[in-house]
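Colleague:
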């Protein structure tokens, strides 16, 4: 079957759902984002695609720190709410129990199973917005979501985003081991 | 329960699984990657975290074009194989039926339900590797994976990656609509 060209856009499936945290004027703020990807292992580097007008974006530039919090599917409603209202108009600092780590100014969400504390590295400009790169300096995860020394994706039960239908999804089934199932394919 | 600090790393769950395509010396090559995220809507910008020593990385810099191909769960073995062997040692050009779009030099995979054709924009350097940003100039998707004018994530059945257990996963269930379920939360 020949491939058909469709309207161009952000057709990456799936995308993660994260809640980005930053302080602005001393107040914790949080925004929901799906434009997020890991970019490097050592040091761990995360990239966020953020519009410049966001309250959170200004907070990242103000303090040079931010957090990437992973909500569970049980947190779908509050996560969606965080993406519906702007910190410019609504004080979202009381939505969650907030804690701080070694960077002091990156507000993190206790209710999220896993959070990454990040030091802002650089902003990559392209019209009209940009990509924000940060080094993950610390990671926090509750025991109940771990399998030994590592987080367990099934226990994290992360919220997942599909852009074409603007919907939240859950993770499905484990299918096989990476760097393993393809051995001897050819 | 207080949050516990765990060993830092790439703790984003889930990650997508993509097969990046590029021509090198006139030969199509493909590598599997999970460090991938959308960064912007208009124009659509995708970011890849790639190590500089990869054959594919050299191909991106050679032609200024690349492709991001989304494999289905049925393609798990060949996708894993693509990540196990290097184009420096193995000719992977015959693994898939390859087609080209308007950019001429970005090899795309017909077997993948959806592919994005990309023009390389810039490389963001950080030790020891970098992030590669590209504008998505065209998207191709077979009719059978569409719901009207848009791709359907359930039909795409994308392969998903969890880094902590190095495993491939499937997508789960649709849970709710974004920019909707959180209305009136507070």
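Protein chains in written order, with the numbering used here: chain Y, 940 to 1125; chain R, 940 to 1125. The beta carbon of each residue, even a glycine, is placed where N, CA and C say it ideally should be.
1. Go through its chain and collect everything with a Cβ distance to residue 996/R's Cβ below 6 angstroms, but skip five positions before and after it.
2. Excluding the five sequence neighbours on either side, which residues of its own chain have a C-beta within less than 7 angstroms of the C-beta of residue 1080/R, listed in chain order?
3. Beta strand (DSSP E) containing residue 1063/R: first to last residue?
4. Which whole-angstrom value describes the C-beta separation of residue 1015/Y and residue 1050/Y, a residue pair presumed to lie in contact below a C-beta threshold of 8 angstroms?
5. Specify the secondary structure class of residue 943/Y as computed by DSSP and reduced to three states.
6. Should residue 945/Y be counted as a contact of the ligand HEM given a C-beta to heavy atom distance under 6 angstroms?
7. Can you find a CB in chain Y that lies within less than 7 angstroms of the CB of residue 1050/R?
8. Taking the alpha carbon of residue 1087/Y as the point to measure from, which residue in 1084/R, 1103/R, 1008/R and 1076/R has its own alpha carbon closest?
9. Return the CA-CA distance between residue 1077/Y and residue 1046/Y, expressed in angstroms with no decimal places.
10. Does the pairing of the segment 1021–1036 of chain Y with the segment 1059–1070 of chain Y give three or more beta-carbon distances under 8 angstroms?
11. Pairs of beta-carbons, one from the segment 1095–1110 of chain R and one from the segment 956–968 of chain R, closer than 8 angstroms: are there three or more?
12. Straight-line CA distance for residue 1084/R to residue 1116/R?
13. Taking just the CA atoms, how far does residue 1020/R sit from residue 1122/Y?
14. Does the beta carbon of residue 940/R come closer than 7 angstroms to any beta carbon on chain Y?
15. Might you give, ordered along the chain, the residues of its own chain that have their beta carbon closer than 6 angstroms to the beta carbon of residue 971/Y, omitting 5 neighbours on each side?
16. What residue range is occupied by the uninterrupted alpha helix (DSSP H) comprising residue 998/R?
17. Cβ atoms of residue 1094/Y and residue 1106/R: under 7 angstroms apart, would you say?
18. Kindly list, in the order they appear in chain R, the residues whose Cβ is closer than 8 angstroms to that of residue 1059/Y.
19. Have a look at the DSSP bridge pairing and note the partners of residue 975/R.
20. Consider the Cβ of residue 945/Y: report whether some Cβ of chain R lies at a distance smaller than 7 angstroms.
21. Who are the Cβ neighbours of residue 1040/R in its own chain at under 6 angstroms, not counting the five residues just before and after it?
22. Could you round the C-beta distance between residue 1044/R and residue 1002/R to whole angstroms and report it? I think they count as a contact, below 8 angstroms.
23. DSSP three-state call for residue 1020/Y: helix, strand or coil?
24. Using CA coordinates, which residue listed in 1125/R, 1124/R, 999/R and 949/R is at the minimum distance from residue 960/R?
Modeller: Concretely, from the data shown:
1. Answer for residue 996/R: 989, listed in chain order.
2. Closer than 7 angstroms at Cβ, skipping near neighbours: 1052, 1053 and 1090.
3. Taken as a continuous stretch (DSSP letters only), the beta strand (DSSP E) holding residue 1063/R covers 1053–1065.
4. Cβ atoms of residue 1015/Y and residue 1050/Y stay farther apart than 8 angstroms, at about 12 angstroms.
5. It is coil, neither helix nor strand.
6. Absence of the ligand HEM is noted for the structure shown, with no ligands found whatsoever.
7. Not an interface residue.
8. Taking only the C-alpha atoms, the option nearest residue 1087/Y is 1103/R.
9. The alpha-carbon of residue 1077/Y is positioned some 13 angstroms away from that of residue 1046/Y.
10. These segments do not touch.
11. Touching, yes, given that three or more Cβ pairs across the two stretches are closer than 8 angstroms.
12. The alpha-carbon atoms of residue 1084/R and residue 1116/R are separated by roughly 20 angstroms.
13. Roughly 6 angstroms separates the two Cα atoms.
14. Below a pLDDT of 50, predicted positions are generally treated as unreliable, and residue 940/R, at 49, falls in that range; no measurement from the model is reported.
15. Cβ neighbours of residue 971/Y beyond the five flanking positions: 958, 1018, 1021 and 1022.
16. From DSSP, the alpha helix (DSSP H) with residue 998/R extends over 994–1002.
17. No; because the gap between Cβ atoms is not below 7 angstroms, this pair is not in contact.
18. The contacting residues do not exist; residue 1059/Y stays about 13 angstroms from chain R at best.
19. Listed as beta-bridge partners of residue 975/R by DSSP are 987/R.
20. Using a Cβ-Cβ cut-off of 7 angstroms, residue 945/Y counts as an interface residue toward chain R, since at least one Cβ of chain R sits closer than that to its own.
21. Excluding residues within five positions, the ones whose Cβ falls inside 6 angstroms are 1056 and 1077.
22. Right, the Cβ-Cβ distance comes to about 4 angstroms (below 8 angstroms), so this counts as a contact.
23. It is helical.
24. Taking only the C-alpha atoms, the option nearest residue 960/R is 999/R.
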